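Novice: In the numbering used here, the protein residues as written are 313 to 418. Got a structure for you, written out below as structure tokens; questions coming shortly.
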């Protein structure tokens, strides 16, 4: 999976800062347990990750400098959200096809 520079910056930061990483890991695990579907989960996490990026860009010197240089135009954090869900949650069992069901034709 390919991450954009903004996503990569957040991912690297979460790996380098154990407390921040644990916070997000727990947040994602709880959200995954409560989520009805994977799509809604990643959409909500994507928004949360962007908000986190904006907030940290005001506090961390390297991020603040990058935000000043590059601007803080809204970019997708969807790939990062999907990656973190895959890394930090248990895989959901695949639904079995009903016996006798005909697979869809392509």
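Heads up, the beta-carbon is just placed ideally off N, CA and C, and yes, glycines get one too. Please read these numbers as outputs of a predicted model, since none were measured by experiment.
Considering residue 391, what are the terminal residues of the alpha helix (DSSP H) in which it resides?
Specialist: By one-based count along the chain shown, residue 391 stands at place 79. Unbroken alpha helix (DSSP H) run through residue 391: 390-400.
Novice: Exposed or buried, which one is residue 369 when buried takes at least 16 other CB atoms within 10 Å?
Specialist: Looking up residue 369 in the chain shown gives position 57. The residue is buried, with at least 16 neighbouring Cβ atoms inside 10 Å.
Novice: Have a look at residue 355 and residue 393 and give me their C-alpha separation to the nearest angstrom.
Specialist: For the purposes of this step, residue 355 is taken as residue 43 along the chain shown, with counting starting at 1. For the purposes of this step, residue 393 is taken as residue 81 along the chain shown, with counting starting at 1. The alpha-carbon atoms of residue 355 and residue 393 are separated by roughly 8 Å.
Novice: Would you mind stating whether residue 319 and residue 326 have Cβ atoms separated by less than 8 Å?
Specialist: Here the question's residue 319 lines up with position 7 in the chain shown. Here the question's residue 326 lines up with position 14 in the chain shown. No; because the gap between Cβ atoms is not below 8 Å, this pair is not in contact.
Novice: Rounded to whole angstroms, what's the CA-CA distance from residue 316 to residue 389? Just pull it up for me.
Specialist: In the chain shown, counting from the first residue as 1, residue 316 sits at position 4. In the chain shown, counting from the first residue as 1, residue 389 sits at position 77. Whole-angstrom Cα-Cα distance: 8 Å.
Novice: Please confirm whether residue 322 and residue 364 have their CB atoms less than 8 Å apart.
Specialist: Within the chain shown, the letter at position 10 stands for residue 322. Within the chain shown, the letter at position 52 stands for residue 364. In this structure, residue 364 lies closer than 8 Å to residue 322 by Cβ.
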